[in-house]
Amino acid sequence: MEIKVLGCRETTSFLLNESLLLDAGYVIDVLKIEEQDKIKHILLTHSHLDHIRDIPMLIDNTIEGRSDPINLIGTERTLTQIRSHLFNDSIWPDLVRLSGKNFSFLRFKSIKSGRDFSLNELTIRAIEVSHTVETVGYFITDNNASILYIGDTGPTEKIWREANKFQELKAIFIETAFPNRLLDFANNSGHLVPLTLKSELQKLNDSHIPIFIFHLKPRYSETIKEEIEAIGNTNITILQSEDSFEF
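Using numbering that gives the first Met the number 0, you'd call the opening residue of the sequence shown number 0 and step up by one each time.
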């Protein structure tokens with residue numbers, strides 16, 4: 000698997016194997032048009048704006064660059080929220096309804112938490128996490144390795160029990176949005192601070208798995224970095240835009 004970081008601060012998006020987006024908060028300003036044309040699927044953790052912001056413009060940019068609609072993949076509730084509040088002919092045109100023979104825009108594909116599904120040569124499993132709306136993280140597996148991608152979450156349980164079942168888990172991508180002094184706010188809004196990140200990682204049986212941190216709010220990024228360094232876990236890396244990895 001090849002993973003490229005597109006957005007890892009205020010807005011979130013990762014590109015997997017050139018054709019699959021993990022969330023779509025920051026895409027069009029970092030990918031060239033011909034790179035945008037290659038995107039076939041968008042895997043959504045939840046419906047919040049910082050994870051879906053660039054979907055409408057991405058579709059506009061690639062209307063003539065593809066023959067099939069982009070597959071928007073998420074839980075039924077997440078897709079319903081997006082269709083009701085974004086692609087509703089008020090905030091943005093209903094691109095599902097407008098798709099037809101001449102132009103293919105968008106197709107919604109719902110998935111169920113806890114059930115594996117196949118996408119290209121990948122096997123993917125969604126597991127619920129704790130946020131202010133229905134939100135999932137994703138285990139993504141190819142023939143050689145698995146990764147865990149967790150978008151927004153506060154302290155949670157089920158996904159760590161699932162993680163401990165994976166024998167070839169090569170990396171975990173997880174948010175840490177606020178500094179420790181905003182712990183109460185982070186808990187109420189479904190986010191992590193370095194203290195709760197430390198507690199969450201202690202739920203892993205394997206303490207050597209590489210941990211990649213994103214979604215540091217810009218106002219607090221330096222403080223968050225210092226507090227993460229104070230954890231003393233050398234397996235933690237704070238991501239930068241356009242970092243790339245192979246697993």
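Don't be surprised by glycine CBs; every beta carbon is placed ideally from N, CA and C.
Since we're looking at a predicted model, the values are computed, not measured.
His50 in three-state terms, based on DSSP: Counting from 1 along the sequence shown, the entry for residue 50 is found at position 51. Helix.
Asp205: which of Phe165, Asn70, Glu120 sits nearest, CA to CA? Working through the sequence shown from its first residue, we reach residue 205 at position 206. Considering only alpha carbons, the answer is Phe165.
What are the complete beta strand (DSSP E) segments, minimum 3 residues, inside the region 125-159? Correct list: 135-140, 145-148.
Under the assumption that Leu15 contacts Met0 (Cβ atoms under 8 Å), give the Cβ distance between them as a whole number of angstroms. Within the sequence shown, residue 15 is the residue found at index 16, counting from 1. Within the sequence shown, residue 0 is the residue found at index 1, counting from 1. In this structure Leu15 is in contact with Met0, their Cβ atoms being roughly 6 Å apart against a cut-off of 8 Å.
Would you call the CB atoms of Leu191 and Thr152 closer than 8 Å? If you number the sequence shown from 1, residue 191 lands on position 192. If you number the sequence shown from 1, residue 152 lands on position 153. Yes. Within cutoff.
Which residues in the same chain as Ser103 place their Cβ atom closer than 8 Å to its Cβ, once the five residues preceding and following it in sequence are excluded? Reading the sequence shown from its first residue, position 104 is the one you call residue 103. Answer for Ser103: Arg65, Ser66, Asp67, Pro68, listed in chain order.
Are Val26 and Ser12 touching if we call contact CB-CB under 8 Å? Position 27 of the sequence shown, counting from 1, holds the residue named residue 26. Position 13 of the sequence shown, counting from 1, holds the residue named residue 12. Between Val26 and Ser12, the gap from beta carbon to beta carbon is short of 8 Å.
Do His259 and Leu57 have their CB atoms nearer than 8 Å? No answer is possible for residue 259: the residues shown for the chain start at 0 and end at 246.
Should the region 73-86 be regarded as contacting the region 115-124, the criterion being three or more beta carbon pairs within less than 8 Å? Between the region 73-86 and the region 115-124 there are fewer than three inter-stretch CB-CB distances shorter than 8 Å, so the stretches are not counted as touching.
With 16 as the cutoff for other CB atoms within 10 Å, does Pro55 come out buried or exposed? The residue labelled residue 55 in the question sits at position 56 within the sequence shown. Buried, because 16 or more other Cβ atoms sit within 10 Å of the Cβ of Pro55.
To the nearest angstrom, report how far apart Pro193 and Thr175 are at their CA atoms. As a working note, residue 193 is residue 194 in the sequence shown. As a working note, residue 175 is residue 176 in the sequence shown. For Pro193 and Thr175, the distance between alpha carbons rounds to 7 Å.
I'd like to confirm the pairing. Which residues does DSSP put opposite Asp205 in its beta bridges? Here residue 205 refers to the residue found at position 206 of the sequence shown. DSSP output for Asp205 lists no bridge partner at all.
Which same chain residues end up closer than 7 Å to Glu167 when comparing Cβ atoms and leaving out the 5 residues on each side of it in sequence? Residue numbering aside, residue 167 sits at position 168 when the sequence shown is read from its first letter. Annotation for Glu167: Ala144, Ser145 place their beta carbon closer than 7 Å to its own, counting only its chain and skipping 5 residues before and after.
Taking the continuous alpha helix (DSSP H) assigned at Asn187, which residues delimit it? As a first step, residue 187 is located in the sequence shown; it is residue number 188 there, counting from the start. First-last of the alpha helix (DSSP H) with Asn187: 182-188.
From what residue to what residue does the beta strand (DSSP E) around Thr236 run? Looking up residue 236 in the sequence shown gives position 237. Where Thr236 is concerned, the enclosing beta strand (DSSP E) stretches over 235-237.
Spatial neighbours of Ser243 within its chain, please: CB distance less than 6 Å, with the 5 preceding and 5 following residues excluded, ordered by chain position. By 1-based counting over the sequence shown, the position of residue 243 is 244. These residues qualify, in order along the chain: Lys3.
Apply the 10 Å Cβ neighbour rule to Glu226 and answer buried if 16 or more other Cβ atoms are within range, or exposed otherwise. The sequence position of residue 226 within the sequence shown is 227, counting from 1. Answer is buried; the Cβ neighbour count reaches 16.
Given Lys197 as reference, the closest of Ile230, Ile81, Tyr148 once Cα atoms are compared: Along the sequence shown, one-based indexing puts residue 197 at 198. In this structure, Ile230 is the residue among Ile230, Ile81, Tyr148 with its C-alpha nearest to the C-alpha of Lys197.
From which residue to which residue does the alpha helix (DSSP H) around Arg82 run? By one-based count along the sequence shown, residue 82 stands at place 83. Following the DSSP letters along the chain, one finds Arg82 inside the alpha helix (DSSP H) bounded by residues 75-84.
In this structure, how does DSSP classify Ala23 when only helix, strand and coil are distinguished? Here residue 23 is taken as the residue at index 24 of the sequence shown, counted from 1. Coil, per DSSP.
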